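> For the record, the sequence lines run as chains A and B.
Just so we're aligned, residue 11 is where the first sequence starts under my numbering, counting upward by one.
Just so we're aligned, residue 16 is where the second sequence starts under my numbering, counting upward by one.
Note that CB positions come from ideal geometry on N, CA and C, so glycine has one too.
Just so we're clear, the structure is a prediction, and the values are computed from it rather than from any experiment.
Pasting a structure here, questions to come.
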Amino acid sequence: MNVKVFMLALFLPIAAFAQGFAGLGTDADGFSVPQPDPQFDFPTDHGAHPDYRIEWWYLTANLTAADGTPYGLQWTLFRSALAPEAGEGWTAPQLWMGHAAVTTPDDHFVAERLARGGIGQAGVTADPFEAWIDDWSLVGDWDTLRMTASAPDFAYDMALTAQGPLIFHGDDGYSVKSAAGQASYYYSQPFFAIEGTLQLPEGDIAVTGNAWLDREWSSQPLADNQTGWDWFSLSFDDGNKMMGFRLQQTDGNNFTSATWITPDGVTTAYTDGALTATPLALNDDDVPVRWRVELPVRGVDVKVDAINEDAWMTTSVPYWEGPVTVIGSHQGIGYLEMTGYE
Amino acid sequence: MTRATLQALLSHWWRNPLQLFTLLAGLALATALWSGVQAVNAEARASYDAAAATLGEGQYDRLVRRDGQPMPQETYVALRRAGWLVSPVVQGRLDGVRVVGVEPLTAPGGIGPVDPVQGGDITEFLSGEGQLFANAETALALPDLNVILTPEAAPGTAVTDIGVAQRLLGKLGQIDSLIVLPGQPKGRADLAAVAPDLTLQPAQGGSDIGRLTDSFHLNLTAFGLLSFAVGIFIVNGAIGLAFEQRRPVVRTLRALGLPLRNVVILMGAELMIFALIAGVIGVALGYGIAALLLPDVAATLRGLYGADVSGTLQLRPSWWLSGLAIALGGTAIAASGALYQISKMPLLAAAQPRALAMAAGRQAVVQGVFAAILLCVAGVMMFTANGLIGGFTLLASLLIGAALALPLILDRILAASSKIATSVTAQWFWADTRQQLPGLSLALMALLLAMSANVGVSTMVSSFRLTFTDFLDQRLASELYIRTENEAQSAALVAFATPRTDIILPIQSADTEVAGQPTEVYGARDHATYRDNWVFLQQAAGPWDSTFGGQTVLINEQLSRRAGLNVGDAIVLQGTSFQIAGVYGDYGNPIGQAVIGEGVFATLYPAIIPQNFGLRMDPVAVPDFLTDLEATTGIRATQAVNQASIKAISLSIFERTFTVTTALNILTLAVAGFAILMSLLTLATMRIPQLAPAWAMGMTRSQIGRLELVRAVMLALLTAVVALPLGLALAWALLAVVNVAAFGWQLPMYLFPMDYARLGLFALLAAAIAALWPARRLARTPPADLLKVFSNER
């Protein structure tokens with residue numbers, strides 16, 4: 011359906027990566043642009059920022075069932091603005107898109123929702139915090155959250171409890187995305203304990219695990235020559251965590267960035283070049299599902315392996331998102347997101 | 016060598032340009048008839064596809080309010096938040112254009128023909144200013160709006176964003192219906208818990224636009240197949256002629272040493288080239304026919320179903336390719352037999368033109384068996400057929416079986432006639448006619464099909480019109496109908512009219528659902544108008560008394576048949592159960608209807624304020640009444656319609672409805688006449704050896720010519736006699752099987768002897784005209800040619 015395709019080209023930063031969509035990378039007329047030295051104000055900043063072009067509430071979780079089976083879970087709400095204002099009614103220039111997924115070792119369930127802002131069908135309020143689209147919601151006070159999503163073939167209902175502080179990427183939450191200076195505001199809550207029930211075709215499954223919630227917003231997150239990204243959120247068995255991403259560029263080079271997070275939430279940011287990520291093996295669709303990830307300054311040299319190679323998000327704009335295992339200098343689990351491969 | 020052969024073969028046409036003409040014209044006519052019908056069909060179908068794609072009509076379940084009123088937008092959001100995947104639709108009329116507002120992010124399959132890549136701008140589409148998508152014709156009606164032209168848009172419809180449509184239609188915050196998407200999520204809340212005033216209308220209820228219009232297209236398709244059958248007979252005749260007359264040429268060429276293979280290949284190639292030329296001409300003619308018929312088809316569909324079909328014809332590859340395929344395929348089928356015969360012909364065998372006819376005796380047995388089987392199938396289907404497929408199977412087996420049986424029947428009649436003939440001339444006439452029959456049978460079958468279709472369809476059409484006229488008299492009994500614009504006007508009208516009229520009959524209805532069928536419920540005021548005029552198909556005792564008393568309901572035939580409801584059964588309206596006291600005929604209405612008493616209606620549907628009124632009064636007083644009404648209440652005369660003009664409009668709709676049918680009927684008959692002409696021409700040259708003895712024994716050439724003419728007319732008459740019962744059987748199948756399946760009601764069948772007589776005359780006239788020229792040629796055969804028969808005795 012053309013309207014959707016067209017709209018999504020506007021919509022997703024992921025789409026923008028994938029298709030090199032000009033509107034996102036090049037200009038930001040009318041929209042606010044992230045500035046260095048951000049002063050965050052909570053809970054207000056947990057809410058939507060309609061004067062920025064794009065924004066997301068992005069939760070991924072590594073889960074384990076009682077029998078030890080690993081599962082991955084995703085709940086994402088994207089906001090995309092056609093104009094830098096909140097607006098009201100059908101004319102509100104805010105569009106919303108939700109993605110939900112559950113990954114098992116053998117299956118990958120995906121659902122997508124689209125909605126207009128301004129009529130109450132989707133949105134995010136800061137206080138009390140609620141992010142929702144249709145019947146999917148993420149609601150609570152950020153110390154505890156309840157998260158639900160449903161689709162014809164799966165559903166979940168999860169409770170999250172924060173076990174540590176919010177952490178800020180880049181320069182106190184100002185995350186640079188290219189040598190030309192494109193940047194976003196970016197912070198995370200990587201310390202959620204999560205438990206709840208997955209409803210899958212085989213039945214209800216009680217699960218527990220860790221969840222990682224990303225918050226990011228910007229108006230120009232990419233440079234012209236950047237076509238996709240590979241993003242890693244890794245939780246090591248020693249309690250340390252690491253976020254790293256690699257932006258693919260048309261000139262064959264990459265722009266990398268990483269954040270090291272200690273168990274008590276102290277962060278160290280690493281700029282371009284500190285992290286290297288090297289694809290080791292492709293799946294049947296030529297998506298690299300096995301990586302070597304190195305952050306030498308922290309002694310990290312690990313192999314990252316997809317739990318299910320076919321965690322392809324068959325959404326309007328497709329991408330790969332799924333749980334991974336980590337072995338090598340550090341052991342652990344994590345999540346991998348890859349865009350620009352379709 | 017090839018060139019010389021070709022020259023020899025083609026020289027035949029130089030010497031007989033008329034034969035070339037009949038060959039090409041026969042092929043072209045057959046193709047034209049076929050492709051014309053196909054063109055009309057393809058065009059109308061394309062329009063519906065566009066409409067269906069635009070509106071998603073009938074494909075999805077829908078949620079609507081029980082009382083038929085719009086729902087607030089909050090209901091939509093509440094349902095979405097409860098897990099219901101629904102998409103809102105708002106629609107209404109703006110300057111005669113149907114404006115449909117959809118929500119592109121949630122609509123299933125998006126918004127049909129609207130393609131933002133071609134001139135659309137999603138930012139603008141979603142902004143309050145908005146874009147509308149419509150075809151050029153529709154755009155003219157909306158000069159002040161930002162209309163993006165899309166030829167695929169449904170006729171008379173403009174699609175836009177729901178926000179824009181709400182603003183344009185003055186329906187801010189309102190939604191008319193919700194499309195229920197396939198694939199609903201787990202754990203969805205119950206509808207009753209979220210929106211208790213909504214009801215689910217299942218997809219493909221018995222009365223959606225697609226299914227209704229399908230029935231009309233099935234009618235057209237039946238005509239298309241009939242024309243194809245007639246066309247194949249003609250092509251066969253034309254090819255047979257071309258080969259029959261060139262047998263001596265083939266014999267000579269082969270005697271001169273030309274290999275058989277070359278002859279066959281060259282003749283086949285030559286025919287294919289002719290078929291291609293004739294096919295192109297035929298498609299062009301078909302386009303002409305379609306262009307002439309299309310405005311009528313559009314009017315027909317709009318009148319019957321309220322479906323908009325644009326009155327313009329586009330050249331669509333599907334139908335001109337199918338037209339060419341028919342020409343080439345028909346030629347190939349017809350020619351393969353003839354070429355096979357040529358290949359089997361002994362090298363120096365005398366070209367015996369009667370060989371084909373002589374072999375017919377053996378074929379007759381096979382043909383008779385086939386005819387018997389098909390007629391048996393038709394007989395069984397008559398009692399068991401229900402549904403459109405069954406109906407058309409019945410029609411097909413009846414028609415083909417009868418066509419195959421025709422030569423056998425005629426042969427029997429002729430044999431019987433020759434037995435009772437006393438004079439020598441008469442005996443010779445019958446015997447000679449019988450002997451000619453195999454050569455003429457294809458043409459006579461074509462005539463039979465054309466005539467019986469004509470009888471059948473005209474019976475159906477006329478029965479329909481008769482029933483419908485009576486029905487209009489019943490249903491449009493009031494002298495004056497007035498539509499008010501608002502509640503205040505309604506009150507003013509009632510106050511003004513009460514002392515000046517016999518009675519005011521409010522016409523109030525609510526859309527609802529009965530037994531899963533979309534139904535309009537009417538609240539009727541107790542008056543003799545209803546008691547006197549309405550005719551019931553089934554009724555309990557005193558249906559009006561109990562209905563006006565509020566205990567019972569009356570339903571139309573459509574609802575009765577589709578929901579399987581009969582007198583004595585009960586239906587539930589707004590939670591109240593009513594027993595059915597009567598079933599009435601409601602012709603031309605696509606959906607179900609139920610009538611309850613005015614008092615009960617007001618209780619069940621308090622939100623509905625009547626804005627249409629029927630006024631019973633002295634017809635003479637109508638003009639004065641209207642003048643005073645406008646002066647006193649401000650209700651303009653343009654809001655009033657008097658009964659006569661409603662009837663005229665309704666009748667004109669049905670008049671136009673069958674114009675297409677009539678036009679196609681005449682065409683088929685003309686084509687059948689052409690088939691007779693060609694068959695007679697074929698026979699005329701071959702028959703000199705049979706006529707020469709009669710001439711030698713003293714009959715004059717003009718006597719022989721006159722007998723030829725009489726023979727053709729007599730055969731047409733016999734065919735007409737067979738065609739009449741066949742046509743009536745066809746009509747019965749159309750009225751009692753096909754019509755019920757397609758429209759949901761059965762029509763009483765009336766007989767129209769005058770029409771049949773006129774049709775018979777037309778058929779005889781066609782046969783006479785077709786025979787005139789061959790007869791004339793026979794009458795002018797030079798005596799030398801006749802003498803040669805004896806000197807060259809073969």
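Mind pulling the chain A residues with CB within less than 7 Å of Ala149/B?
None at all; the shortest Cβ gap to chain A is about 16 Å.
> Looking only at its chain, what residues have a beta carbon closer than 7 Å to the beta carbon of Ala512/B, apart from the 5 residues adjacent to it on each side?
Around Ala512/B: Ile519, Leu630.
> Between which two residues does the alpha helix (DSSP H) holding His27/B run?
From DSSP, the alpha helix (DSSP H) with His27/B extends over 17-30.
> Let's test the definition: count the other Cβ atoms within 10 Å of the Cβ of Gly40/A and tell me whether it reaches 16, buried, or not, exposed.
When all chains shown are included, Gly40/A counts as exposed.
> For Phe258/B and Ala353/B, which I take to be in contact (beta-carbon distance under 8 Å), what is that distance rounded to the nearest angstrom?
Their Cβ separation, rounded to whole angstroms, is 4 Å, which keeps Phe258/B and Ala353/B in contact under 8 Å.
> Could you name the residues of chain B that Gln209/A contacts, counting a contact when the two beta carbons are closer than 7 Å?
Under the 7 Å cutoff, chain B gives Lys201.
> Is DSSP giving Ala556/B helix, strand or coil here?
If DSSP states are grouped into helix, strand and coil, Ala556/B belongs with coil.
> Got a sec: is the Cβ-Cβ distance from Thr277/A to anything in chain B below 7 Å?
Answer no: the Cβ-Cβ gap between Thr277/A and chain B never drops below 7 Å.
> Once DSSP output is grouped into helix, strand and coil, what is the label at Arg791/B?
In this structure, Arg791/B counts as helix in the three-state DSSP scheme.
> Would you identify the three-state DSSP class for Phe777/B, choosing helix, strand or coil?
Here Phe777/B sits in helix by DSSP.
> What does the alpha-carbon distance come out to for the pair Trp142/A and Asp205/B?
The alpha-carbon atoms of Trp142/A and Asp205/B are separated by roughly 20 Å.
> Report the rounded CA-to-CA distance for Val104/B versus Leu157/B, giving the unit in angstroms.
Each residue's Cα considered, the two are about 20 Å apart.
> Using a Cβ-Cβ cut-off of 8 Å (strictly less than) and excluding sequence neighbours within five positions of Asn581/B, which residues of its own chain qualify?
The residues are Gln553, Ser575, Ile595, Val598.
> Buried or exposed: where does Gly283/A fall if 16 or more other Cβ atoms within 10 Å of its Cβ makes it buried?
Looking at its Cβ environment, which holds fewer than 16 other Cβ atoms inside 10 Å, Gly283/A is exposed.
> Taking Cβ to Cβ, would you say Val162/B is nearer than 7 Å to Ala151/B?
No; because the gap between Cβ atoms is not below 7 Å, this pair is not in contact.
> Taking only beta-carbon atoms, is Gln131/A less than 7 Å away from chain B?
At least one chain B Cβ lies under 7 Å of Gln131/A.
> Determine, using beta carbons only, whether Ala161/A comes closer than 7 Å to chain B.
Yes, Ala161/A lies at the interface with chain B (some Cβ there is under 7 Å from its Cβ).
> My output table needs one value for Ile337/A: the three-state DSSP class, helix, strand or coil.
If DSSP states are grouped into helix, strand and coil, Ile337/A belongs with the strands.
> Beta-carbon of Arg96/B versus every beta-carbon of chain A: anything under 7 Å?
Yes, its Cβ sits closer than 7 Å to a Cβ of chain A.
> Excluding the 5 residues flanking Glu98/A on each side, which residues of the same chain have their C-beta closer than 7 Å to its C-beta?
Around Glu98/A: Gly128.
> Is the segment 771-781 of chain B touching the segment 681-693 of chain B in the sense that three or more CB pairs, one from each, lie closer than 8 Å?
Verdict: yes, contact present.
> Does any residue of chain A have a CB that is nearer than 7 Å to the CB of Leu120/B?
Yes, its Cβ sits closer than 7 Å to a Cβ of chain A.
> For Thr516/B, which of helix, strand or coil comes out of DSSP?
Residue state, collapsed to three classes: coil.
> In the DSSP assignment, what residue or residues form a beta bridge with Leu69/A?
Partner(s): Trp85/A, Leu223/A.
> Can you tell which of Ala97/B, Pro32/B, Asp76/B has its C-alpha closest to the C-alpha of Gln532/B?
Among Ala97/B, Pro32/B, Asp76/B, the Cα nearest to that of Gln532/B belongs to Asp76/B.
> Tell me, please, whether the CB atom of Gly92/B is closer than 7 Å to any CB atom in chain A?
Strictly speaking, residue 92/B in this sequence is Val, with Gly absent from that position. For Val92/B, the answer is yes, since a Cβ of chain A falls inside 7 Å of its Cβ.
> Under 7 Å Cβ-Cβ, which residues of chain A neighbour Ile177/B?
Within chain A, the residues near Ile177/B are Trp100.
> Could you tell me whether the Cβ atoms of Ile177/B and Glu89/B are closer together than 7 Å?
Taking 7 Å as the Cβ cut-off, Ile177/B and Glu89/B do not qualify as a contacting pair.
> Where do the ends of the beta strand (DSSP E) carrying Met729/B lie?
Not the beta strand (DSSP E): Met729/B falls in the alpha helix (DSSP H), residues 716-747.
> Does any C-beta atom of chain A lie closer than 7 Å to the C-beta of Pro32/B?
No, no contact with chain A.
> Using a C-beta cutoff of 7 Å, does Leu83/A count as contacting chain B?
No, its Cβ sits nowhere closer than 7 Å to a Cβ of chain B.
> If we count Cβ pairs, one from each stretch, closer than 8 Å, do we get three or more for the segment 199-207 of chain A versus the segment 215-232 of chain A?
Taking 8 Å as the limit for Cβ pairs, the verdict is that the segment 215-232 of chain A does touch the segment 199-207 of chain A.
> Report buried or exposed for Val470/B, applying the criterion of at least 16 other Cβ atoms within 10 angstroms of its Cβ.
So Val470/B ends up on the buried side.
> Rounded to a whole number of angstroms, what is the C-alpha to C-alpha distance between Leu208/A and Phe148/B?
If I take the Cα positions, the gap works out to 44 Å.
> Is there a Cβ of chain A sitting closer than 7 Å to that of Gly198/B, yes or no?
Closer than 7 Å: yes.
> The beta strand (DSSP E) that contains Lys313/A, what's its start and end?
From DSSP, the beta strand (DSSP E) with Lys313/A extends over 310-316.
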